[in-house]
Amino acid sequence: MISGKSVILFDGVCNLCNASIDFIIKRDKKNRFLVGALQEEAGKKLLSRFEVNSEYLDSLVLIEDGQVYFRSTAALKIAKNLPGLWPLFYLLIFLPSSLRDGIYDWIGKNRYRWFGKKNTCRLPSPEEKAKFL
């Protein structure tokens, strides 16, 4: 997408989302992904470029090859591009999206209660700066 990379936009104040981004960054040895918070200006601009409401915070967003993916589809497409056994999770793409997204939405609705949230968006460490929008 940007510089030939896929972009992952996430809820920057959600502890679960931040842990997931840490997980992805650690495993993204091929530098395939750029990440950014949905709440930050760069993320909002990118969403509006794809005609998605810039106030959208309901799920992980993956922008890849000019397409926008949400919720479980975004998560599975990301897993497909991680090393190790993670691509096996992509087989779940064959389940109906209503089932996959139902589980995703249930976790999403409870994420702050179960995992907590920060007062502000996470800032990248100096080593991570190149991975952020």
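FYI, the numbering used here numbers position 65 of the sequence shown as 46, with every residue one higher than the one before it. Built from N, CA and C at the ideal position, the CB exists for glycine as well.
Whether Asp86 touches Leu38 by CB criterion (8 Å): As a first step, residue 86 is located in the sequence shown; it is residue number 105 there, counting from the start. As a first step, residue 38 is located in the sequence shown; it is residue number 57 there, counting from the start. Contact flag unset, no.
Give the secondary structure of Leu27 by DSSP, where H, G and I count as helix, E and B as strand, and everything else as coil. Locating residue 27 in the sequence shown gives position 46, counting from the first residue. DSSP places Leu27 in helix when its eight states are reduced to three.
Taking all protein chains shown into account, decide if Asp9 is buried (16 or more other Cβ within 10 angstroms of its Cβ) or exposed. Within the sequence shown, residue 9 is the residue found at index 28, counting from 1. The residue is buried, with at least 16 neighbouring Cβ atoms inside 10 Å.
Starting from the Cα of Asn(-4), find the closest Cα among Tyr93, Leu19, Leu104 and give me that residue. As a position in the sequence shown, residue -4 is number 15, starting the count at 1. That would be Tyr93, whose Cα lies nearest to the Cα of Asn(-4).
If you drop the 5 nearest sequence neighbours on each side, which residues of the same chain put their C-beta closer than 7 Å to that of Ile44? The residue labelled residue 44 in the question sits at position 63 within the sequence shown. Cβ neighbours of Ile44 beyond the five flanking positions: Met(-18), Ser(-13), Val(-12), Leu27, Phe31.
Using three-state DSSP, classify Gly17 as helix, strand or coil. For this step, residue 17 is matched to residue 36 along the sequence shown. In the structure shown, Gly17 sits in a strand (DSSP, three-state: E or B).
For Leu80, does the three-state DSSP call read helix, strand or coil? Position 99 of the sequence shown, counting from 1, holds the residue named residue 80. Correct three-state label for Leu80: helix.
Considering only DSSP beta bridges, list what Tyr50 is partnered with. Mapped onto the sequence shown, residue 50 falls at position 69. DSSP lists Leu43 as partners of Tyr50.
Cβ shell of Cys(-2) (< 6 Å), same chain only, five flanking positions each side left out: Looking up residue -2 in the sequence shown gives position 17. So the list reads Phe(-9), Asp(-8), once near-sequence residues are dropped.
Counting C-beta neighbours from all protein chains within 10 Å, is the total for Ser78 16 or more, i.e. buried, or is it exposed? Taking the sequence shown and counting its residues from 1, the one referred to as residue 78 is at position 97. Result: exposed.
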